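Asker: Residues 5 to 301 (the working numbering) make up the sequence shown, in order. Positions of the beta carbon are idealized from the N, C-alpha and C atoms, including for glycine. Given the structure is predicted, the values throughout are model-derived calculations rather than measurements. Mind looking over this structure? Questions follow.
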Amino acid sequence: MGRFGKAVAALAVAACMMFGGVATANADENYYEGDLGNTTVGTPAVSEVGSHTANVSFTYSIDPSILPKVASVCFAVEVMRVTSIKPINLPQFGGNPRYSEVNCQGGTSDGDLTAGSYQSIFGAKTSPVKIGDEVEGESTGQYFMAYDTNLWNHAASGTVQMPVIGLQPNTKYGNTYNDVINLNPGYVDSQWKLLEATQDICKLADPTGASLACSNAYDQQVDVRSLYAGMRIVLKDGSAINFGQTAKAIDDFTTKSEPTAKPAEALPSKTDAKLEVSGGHAKPGQTARVYIDNLKA
5 MGRFGKAVAA
15 LAVAACMMFG
25 GVATANADEN
35 YYEGDLGNTT
45 VGTPAVSEVG
55 SHTANVSFTY
65 SIDPSILPKV
75 ASVCFAVEVM
85 RVTSIKPINL
95 PQFGGNPRYS
105 EVNCQGGTSD
115 GDLTAGSYQS
125 IFGAKTSPVK
135 IGDEVEGEST
145 GQYFMAYDTN
155 LWNHAASGTV
165 QMPVIGLQPN
175 TKYGNTYNDV
185 INLNPGYVDS
195 QWKLLEATQD
205 ICKLADPTGA
215 SLACSNAYDQ
225 QVDVRSLYAG
235 MRIVLKDGSA
245 INFGQTAKAI
255 DDFTTKSEPT
265 AKPAEALPSK
275 TDAKLEVSGG
285 HAKPGQTARV
295 YIDNLKA
C-alpha cells in the first residue's frame, strides 16, 4: 500500500455526509462567495484500471487573485455507487446541489488500513437517505472519498495523481443523475442524487398526496453513481471554496475481473510432467509449481 502515499480514504459518517445528512450539504460552512476566476480543475483522466484500483489524474489552477488568500488545499476523488433504494417517504427538498459533502476530514490513512477498516470504508452498506432528521429512504451501495491534504506545494497550478482503491471487480463506475432539475452540466451533490432517485421510484400510498408515505417501501434496484475529482480550498479568513465548486466528472470506466488460477487438473499435461523437481531445485527452462507456507506481509 505504500505507493499510495498519504492519500486518505474516508468513511462518510459525519453529519451531512453521504448516506445521511441534508440536501443542502454543509449548510453551516462559511462558503467563499467571491469570483473564482481561473480557479478550476481540468478534465480528469483515468489510467491503470485494475480489479480494485484506478489512478485518477487532473490539472488544477488557482486564480492569482485567490492564491495569496489560500491557507490549505485538499485534492479529492468522490466515489458513490448505489444499487438499491428502499423508498419510505416522497422527498420534498431544495437548495443548491453544487455544494458537496466532501470536507476532507476524518478517515484512515492507506498505510493504516486493516481488513476490518477496509471493509468498513469500501464495502457496500445500507444507510439512511435523510433530509435533516427525517428518513426518506434507505440506500445500499458504496460511498467513500479519497483525499490528500499534503499534495499542494503552494503552486498556482499543477497536475495531481490520485490513486483510488476499494473498487469492486468487473464493476462500472461513473455518473448518473447529472441532469437533475435541468441544471447546466457540472457537479451534483451525491445526497441530492439519492433524494432524486428516491423521489423517482416512490409510489405514494395515498394518491391524493395527503400522505407522502411510499407504498413500495422495499428495496428497488437503481443505478445511482457519482465519480468526481476536484479540490476544496480553505482560505485564511476561514471561508472555503467547496469541492463541488471546482469538481469535474470522471468519465465512466469498468474495473477488470478478478484473475482466476487454473486448477491442477486443467493444466496442460506437459506441465504436469515437469512438476518433479530433483533435489528440490528447479533447472533453467523447467516448469515447477511453488507452494508458499505461512505467507506473511
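Does DSSP classify Gln165 as helix, strand or coil?
Answerer: For the purposes of this step, residue 165 is identified with residue 161 of the sequence shown, where counting begins at 1. Reduced to three states, the DSSP call for Gln165 is strand.
Asker: Kindly provide the ranges of any alpha helix (DSSP H) runs that are 4 or more residues long and lie completely inside the segment 85-170, ordered along the chain.
Answerer: Runs found: 119-126.
Asker: Return the chain-ordered list of same chain residues with a C-beta closer than 7 angstroms to the C-beta of Val74, the five sequence neighbours on each side being excluded.
Answerer: Stepping through the sequence shown from its first residue, residue 74 is reached at position 70. Hits under 7 angstroms: Ile66, Ile237 and Leu239.
Asker: From Pro101 to Ala233, what does the alpha carbon distance come to, in whole angstroms?
Answerer: For the purposes of this step, residue 101 is identified with residue 97 of the sequence shown, where counting begins at 1. For the purposes of this step, residue 233 is identified with residue 229 of the sequence shown, where counting begins at 1. Using only the alpha carbons, I get a separation of about 16 angstroms.
Asker: Count the C-beta pairs between the segment 149-159 and the segment 196-211 that are closer than 8 angstroms, then say yes if the count reaches three, no if not.
Answerer: No, they do not touch.
Asker: Tell me whether Glu52 is buried or exposed, calling it buried when 16 or more other Cβ atoms sit within 10 Å of its Cβ.
Answerer: As a first step, residue 52 must be located in the sequence shown, where it is residue number 48. When all chains shown are included, Glu52 counts as exposed.
Asker: List the DSSP bridge partners of Lys252.
Answerer: Numbered from its first residue, the sequence shown carries residue 252 at position 248. Lys252 pairs with Ala233.
Asker: If you check the beta carbons only, do Asp223 and Ser88 fall under 8 angstroms apart?
Answerer: As a first step, residue 223 must be located in the sequence shown, where it is residue number 219. As a first step, residue 88 must be located in the sequence shown, where it is residue number 84. Going by C-beta atoms, Asp223 is nearer than 8 angstroms to Ser88.
Asker: State yes or no: is the C-beta of Leu155 within less than 8 angstroms of the C-beta of Val164?
Answerer: As a working note, residue 155 is residue 151 in the sequence shown. As a working note, residue 164 is residue 160 in the sequence shown. Taking 8 angstroms as the Cβ cut-off, Leu155 and Val164 qualify as a contacting pair.
Asker: Put Ser219 into one of helix, strand or coil per three-state DSSP.
Answerer: On the sequence shown, position 215 is the one that residue 219 refers to. Correct three-state label for Ser219: coil.
Asker: Is Glu82 helix, strand or coil when you go by DSSP?
Answerer: By one-based count along the sequence shown, residue 82 stands at place 78. Strand, per DSSP.
Asker: What does the alpha-carbon distance come out to for the pair Gln225 and Thr259?
Answerer: Locating residue 225 in the sequence shown gives position 221, counting from the first residue. Locating residue 259 in the sequence shown gives position 255, counting from the first residue. Going from the Cα of Gln225 to the Cα of Thr259 covers about 21 angstroms.
Asker: Note the first and the last residue of the continuous beta strand (DSSP E) segment covering Ala58.
Answerer: In the sequence shown, counting from the first residue as 1, residue 58 sits at position 54. Note, Ala58: beta strand (DSSP E), Ala58 to Ser65.
Asker: May I ask you to report which of helix, strand or coil DSSP gives Leu198?
Answerer: On the sequence shown, residue 198 is found 194 positions in, with the first residue counted as 1. Of the three classes helix, strand and coil, the one that applies to Leu198 here is helix, per DSSP.
Asker: Can you look up Leu40 in the DSSP assignment and give me helix, strand or coil?
Answerer: Within the sequence shown, the letter at position 36 stands for residue 40. It is coil, neither helix nor strand.
Asker: So for Ile205, helix, strand or coil by DSSP?
Answerer: For this step, residue 205 is matched to residue 201 along the sequence shown. In the structure shown, Ile205 sits in a helix (DSSP, three-state: H, G or I).
Asker: Consult DSSP for Lys73 and reduce its assignment to one of helix, strand or coil.
Answerer: Here residue 73 is taken as the residue at index 69 of the sequence shown, counted from 1. Correct three-state label for Lys73: helix.
Asker: For Gln203, tell me which candidate among Gly242, Val83 and Ala217 has the shortest Cα-Cα distance.
Answerer: On the sequence shown, residue 203 is found 199 positions in, with the first residue counted as 1. Looking at the Cα atoms, Ala217 is the closest of the given residues.
Asker: When the distance is taken between beta carbons, is Ala221 closer than 8 angstroms to Tyr36?
Answerer: If you number the sequence shown from 1, residue 36 lands on position 32. If you number the sequence shown from 1, residue 221 lands on position 217. No, they are not a contact pair.
Asker: Can you tell me which of Phe62, Pro91 and Glu200 puts its alpha carbon nearest to the alpha carbon of Phe97?
Answerer: Residue 97 sits at position 93 when you count from the first residue of the sequence shown. Out of Phe62, Pro91 and Glu200, Glu200 has the C-alpha closest to the C-alpha of Phe97.
Asker: Where does Gln1 land, buried or exposed, given buried means 16+ other C-beta within 10 angstroms?
Answerer: Nothing can be reported for residue 1, as the shown portion of the chain is limited to 5 through 301.
Asker: What residue range does the beta strand (DSSP E) around Ala49 cover?
Answerer: Here residue 49 is taken as the residue at index 45 of the sequence shown, counted from 1. It spans Ala49 to Ser51 - the beta strand (DSSP E) in which Ala49 sits, taken as one unbroken run.
Asker: Alpha carbons only, please: which of Glu262, Gly162 and Val83 is nearest the one belonging to Ser61?
Answerer: Position 57 of the sequence shown, counted from the start, is the residue given in the question as residue 61. Nearest C-alpha to Ser61: Gly162.
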